[in-house]
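Below: the structure, in structure tokens.
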Amino acid sequence: MAQILRLFYVLIIFVSLFTVVTNGNKIKDVPCENSSQCPRSTCFPHGSPKCVSEKCKCDYGIN
Numbered sequence: 001m002a003q004i005l006r007l008f009y010v011l012i013i014f015v016s017l018f019t020v021v022t023n024g025n026k027i028k029d030v031p032c033e034n035s036s037q038c039p040r041s042t043c044f045p046h047g048s049p050k051c052v053s054e055k056c057k058c059d060y061g062i063n
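Numbered by the numbering used here, the letters in the sequence shown go through residues 1 to 63 in order.
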């Protein structure tokens, strides 16, 4: 029982740290006028940011 609680606490801490480190970048729509205004960190690790309908979106090269 103690091991299950310990695992639960570790998972909560991990998820909290992950949320702080990513700073919620995946959730927010970043406004833009062209693709050069989109931050690269929005599409980490393999995507490239593109400006679509005045919002930064990730292009992963998958058709």
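All C-beta atoms in this analysis are idealised placements derived from N, C-alpha and C, irrespective of residue type, glycine included.
Return the first residue and the last residue of the beta strand (DSSP E) that residue i is part of.
i   : result
S48 : S48 to V52
H56 : Rather than His, the amino acid found at residue 56 in this sequence is Cys. Element bounds for C56: K55 to D59.
Can the beta-carbon of residue i be found less than 7 angstroms from the beta-carbon of residue j?
i   : j   : result
P49 : C56 : yes
Using alpha carbons as the reference points, say which of the options lies closest to residue i.
i   : options              : result
G61 : P39, Q37 and G47     : G47
V30 : L11, V52, L17 and M1 : V52
E54 : C43, T42 and C38     : C38
Just the Cα atoms here: how many angstroms apart are residue i and residue j?
i   : j   : result
L7  : F18 : 16 angstroms
E33 : D59 : 16 angstroms
I12 : M1  : 17 angstroms
Q3  : Y9  : 10 angstroms
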